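Asks: Below are the structure tokens for one structure; questions will follow.
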Amino acid sequence: MKHMVRIQVTPQAGHDIEARPGGPGPVMGRLVERFKPEMVYMSPARREIFMVCDLNASDMAEFMIAGCQLAGQYPEFIPVMEGKEFGAIVGKAMPAAKKLIEG
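This is the structure in structure tokens:
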């Protein structure tokens, strides 16, 4: 399933990453190579990264462990879907949800 992964890096973790040989470039390269995001954005206002990746549960656990160690806090995983998929998924989910609520 696709997730937008938001990684906010603490000031101390950011300093530690910047102090590594090559700065943040090598570790970001390994994250991109491993998880092959369809997009990557970085905030110019804070140490924050956004990636959209197709992740299974094992991938999420791996990303969580690595991201937490690098960023000093847990990454946030937000399930996302393309707009063209939304209608079909909600169309299927609404009757099932209604059945749960109304009995």
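So the number in this note's numbering is just where the residue sits in the sequence shown, counting from 1, plus 399. All C-beta atoms in this analysis are idealised placements derived from N, C-alpha and C, irrespective of residue type, glycine included. Since this is a predicted model, take the numbers as computed values, not measurements.
By how many angstroms is the C-alpha of I500 removed from the C-alpha of R446?
Replies: Cα-Cα distance, rounded: 42 Å.
Asks: Which residue or residues does DSSP assign as beta-bridge partners of R405?
Replies: The partner list for R405 (beta bridge, DSSP) reads F449 and E475.
Asks: Between the C-alpha atoms of M493 and N455, what's the straight-line distance to the nearest angstrom?
Replies: Each residue's alpha carbon lies about 25 Å from the other.
Asks: Nearest CA to the CA of D453: which residue from A444, V439 and P443?
Replies: That would be V439, whose Cα lies nearest to the Cα of D453.
Asks: List the endpoints of the continuous alpha helix (DSSP H) containing M459.
Replies: Unbroken alpha helix (DSSP H) run through M459: A456 to A470.
Asks: How about E475 and R405: do their beta carbons lie closer than 8 Å?
Replies: Yes, the Cβ-Cβ distance between E475 and R405 is below 8 Å.
Asks: Using 8 Å for Cβ pairs, my map puts A418 next to A470. What's the rounded Cβ distance?
Replies: Not a contact, Cβ separation roughly 15 Å.
Asks: With M441 as the anchor, note down where its beta strand (DSSP E) starts and where it stops.
Replies: Taken as a continuous stretch (DSSP letters only), the beta strand (DSSP E) holding M441 covers M438 to M441.
Asks: Kindly give me the distance between the Cβ atoms of E437 and V451, rounded to whole angstroms, as I take these residues to be in contact under 8 Å.
Replies: Sure, about 5 Å apart at Cβ, within 8 Å.
Asks: What is the DSSP secondary structure of M493, counted as helix, strand or coil?
Replies: Reduced to three states, the DSSP call for M493 is helix.
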